[in-house]
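Visitor: For the sequence shown, the working numbering gives the first residue as 1087, with consecutive numbering after it.
Heads up, the beta-carbon is just placed ideally off N, CA and C, and yes, glycines get one too.
Everything numeric in this text was worked out from a predicted model, so none of it was measured.
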Amino acid sequence: MLEQQLASQSEIEVADIAYSHSHSHSNSTEAASVTPLEEMEWTMQFDLPQSAWTEHLEFISDPNLDPNLDPNWQDYTSVSRDVEAAPQQVQTSDDLPTAKDLPSLIQFDLVHPLFPMVHKRRYLSWTKLKDPYPARQCLRMAMRALAASMSSQFRSRGEDLYLKARQMAEDLEASELGLPWTDAAISIEQTQAWLLLAHYELLAPHIYPVQATARRAFRLVYLSRLHCCDQQEQSTVGSSNSSQASAPTRVDFPTLEEKRRTFWVAFCLDRCLIACGESLPAIQDEIISVRLPCPEKNFQNGDEVKMGFADEALKYTKLDATSRFAEFVTSTALFGRCIMQKHLPKSGPSLEKETASFWKRHDWLASAAKRQVDLLSNNATDLDDEPMAIVTLMVMYGSIIALAKASKEMPRQTQEEQLASEAYNESANEAAAKMADVSNLITTSACFKAHPYLPLLLTLAISYLTINLNSGRDPSVCSLTESARTQLSGALESFLEIHSQAKQFVERLTGK
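(1) Can you list, in chain order, the residues of its chain with a C-beta nearer than 6 Å to that of R1301? Leave out the 5 residues immediately preceding and following it.
(2) Near A1514, which residues of its chain fall below 8 Å by C-beta distance, leaving aside the five closest residues on each side in sequence?
(3) Measuring alpha carbon to alpha carbon, tell me which of V1592, H1285 and A1412 ends up nearest L1462.
(4) Just to confirm before moving on: does the CB-CB distance between A1042 and V1197 stay below 8 Å?
(5) By how many angstroms is the C-alpha of S1242 removed from the C-alpha of F1339?
(6) Check for me: the alpha helix (DSSP H) holding F1421 runs from which residue to which?
(7) Checking 8 Å against the spacing of the C-beta atoms, do C1358 and V1415 come in under that value?
(8) Once you ignore the five residues that flank S1114 on each side, which residues in its own chain have a CB closer than 7 Å to its CB?
(9) Can you grab the Cα-Cα spacing for the pair F1385 / P1189, in whole Å?
(10) Work out the CA separation of P1541 and W1350 for me, nearest whole Å.
(11) Bridge partners of F1395, per DSSP?
(12) I need the straight-line Cα distance from K1589 to K1535, nearest angstrom please.
(13) Where does H1448 fall in DSSP's three states?
(14) Give me, in chain order, the residues of the same chain whose beta-carbon lies closer than 7 Å to that of P1473; leave out the 5 immediate sequence neighbours on both sides.
(15) Between which two residues does the alpha helix (DSSP H) harbouring Q1587 extend?
(16) Check the C-beta distance from V1376 over to H1285 and give it rounded, since I have them as a contact under 8 Å.
(17) Does the distance from the CB of P1367 to the CB of S1409 come in under 8 Å?
(18) On a Cα-Cα basis, can you pick out the residue from F1444, L1582, L1527 and F1304 that is closest to V1477?
(19) Going by DSSP, what residue range makes up the alpha helix (DSSP H) through A1279?
(20) Between the C-alpha atoms of A1279 and K1520, what's the straight-line distance to the nearest angstrom?
(21) Could you tell me whether any Cβ in chain B is nearer than 8 Å to the Cβ of Q1297?
(22) How far does the alpha helix (DSSP H) with A1488 in it extend, from its first residue to its last?
(23) Alpha carbons only, please: which of V1524, N1556 and L1210 is nearest the one belonging to G1576?
(24) Taking the alpha carbon of K1383 as the reference point, which residue from I1192, P1202 and E1568 has its own alpha carbon closest?
(25) Run the CB neighbour count on V1365, radius 10 Å, all protein chains shown included, and call it buried at 16 or more, exposed below.
(26) Let me check understanding here. Comparing Cα to Cα, which of M1254, E1372, E1438 and G1388 lies closest to Y1219?
(27) Write down the C-beta distance between A1570 and A1509 rounded to the nearest angstrom, noting that I regard them as a contact closer than 8 Å.
(28) Measure how close the beta-carbons of L1543 and V1481 come, nearest whole angstrom, since I'm counting them as under 8 Å.
(29) Pop quiz: Q1458 and S1417 are said to be a contact at Cβ under 8 Å. What is the actual Cβ separation, rounded to whole angstroms?
(30) Using CA atoms only, rank isn't needed, just tell me which of F1240, L1283 and K1216 is closest to L1225.
(31) Is the beta carbon of A1231 sitting closer than 8 Å to the one on L1247?
(32) I need the straight-line Cα distance from C1533 to Q1573, nearest angstrom please.
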């Protein structure tokens, strides 16, 4: 057991985990052939052997059964006609599943709850076309690859689909002159495809170049100016010869919201990679001018609602509207700031000034984290059916732990600062214990449904509790800490058959 191997370990730093790149055929074969979890509570219909696909697909396709879809939306009829049901036939051992066996609607419903950046009806309206333009073909293939990795039946096809999608994505960026930059217009589908590929690689970082792929996605985000899609247009004074100023073209709400959501998916990936590798952020907070994602129902039905900004949500401002995805974005933004607290200079002529700034910033982050946890706790209902709600809570508990780790590394010059650090440590222990409680939902439900960021957050808590156990604290406290670590270790182990990243974390924790 992982928790038994951890008992004798010394301080372990999650931040030192590095992603390596190896295209070993044996590793790829092993990753593709692992046996999926047998007892899944969250099973899609295609995971059930000998199922009648048409019946199940029609059930899923009914707009009246989806609370986020308005059956009167004008494009629904045309979209639903394009959704084809898979043939009703029994799969034999010689009839292996292919990409076309995974209907587009189910592909979307697998991926979208975790990465909600694509407009459902628009996606379904073109994905069944024989020859959509190249960027859409690439997004469709990337969606298939990631969806296959989340299905027990189709996981073995994930790598082939990924390689096809990646080749298509690279072809999109190839210049006519073979230059390493693009002079063509960048579509939103192209950026979305690269982001899905990066998340596919996140599941197996020892095989794929997740950092390099993520950087390519971030580059497209900047070139598309998604980071400032809500920036106020600068007032310009027209020349004396011009009779009138040209009015800016108004973008329809679903298109604008899709850009916002694509940016926020990229932003959250960036903050996850910061926590994994202790790298500096590729997307700086100061340049962001993007409103938070609106509620899912408004996005899918095109009902415009004006959301606030992440900075407003982190302060005392109460937003008029919020959503699961907006809560996740806000929590991830705070998590990134807590992780970056460790980058304060530890020596130099300005150390005293930097130390004062550190504690002031630390107090602000701790206060913001407490408010966010209280807000999420009040909104927490049916977490086992809400993968986004689970990961959001875990992100906030991880933020509290990150703050405690950062405070331990600062030179404490006053008794007041020492007391503050001890208080942060107690808060982190409580946060880790709550993470252990939430982790029970992960082990009892299917890990295929869980967010790929969860292994990182579990490892962050496990390593912190291991440090405390090795510090020789009060026996009664150690007993509670050991119990929490055992629960968290069990949750992390439940990912081993699905996430190669979880294997990497376990190896790091056990010193193998």
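Guide: The short version:
(1) none
(2) I1486, I1487, L1489, A1490, K1491 and Y1550
(3) Of V1592, H1285 and A1412, the residue nearest in Cα terms is A1412.
(4) Residue 1042 lies beyond the residue range present for the chain, which begins at 1087 and ends at 1598; the question has no answer from this structure.
(5) So the two alpha carbons sit approximately 38 Å from each other.
(6) R1410 to I1425
(7) It is not a contact, given that the beta carbons lie outside the stated cut-off.
(8) Because S1114 carries a pLDDT of 43, less than 50, the predicted location of this residue cannot be relied on, and no value is offered for it.
(9) 23 Å
(10) 20 Å
(11) R1377
(12) 18 Å
(13) The DSSP-derived three-state label of H1448 is helix.
(14) P1199, L1200, K1535, A1536 and H1537
(15) S1586 to T1596
(16) That pair is no contact at about 20 Å.
(17) no
(18) Of F1444, L1582, L1527 and F1304, the residue nearest in Cα terms is L1527.
(19) I1274 to L1288
(20) 35 Å
(21) Among the chains of the structure shown, chain B does not appear; only one protein chain is present.
(22) P1473 to K1494
(23) V1524
(24) P1202
(25) The sequence given here places Ser at residue 1365; Val does not occur at that position. When all chains shown are included, S1365 counts as exposed.
(26) Per the Cα distances, M1254.
(27) Between A1509 and A1570 the Cβ distance is about 19 Å, and since that is not below 8 Å, they are no contact.
(28) 7 Å
(29) 6 Å
(30) L1283
(31) yes
(32) 15 Å
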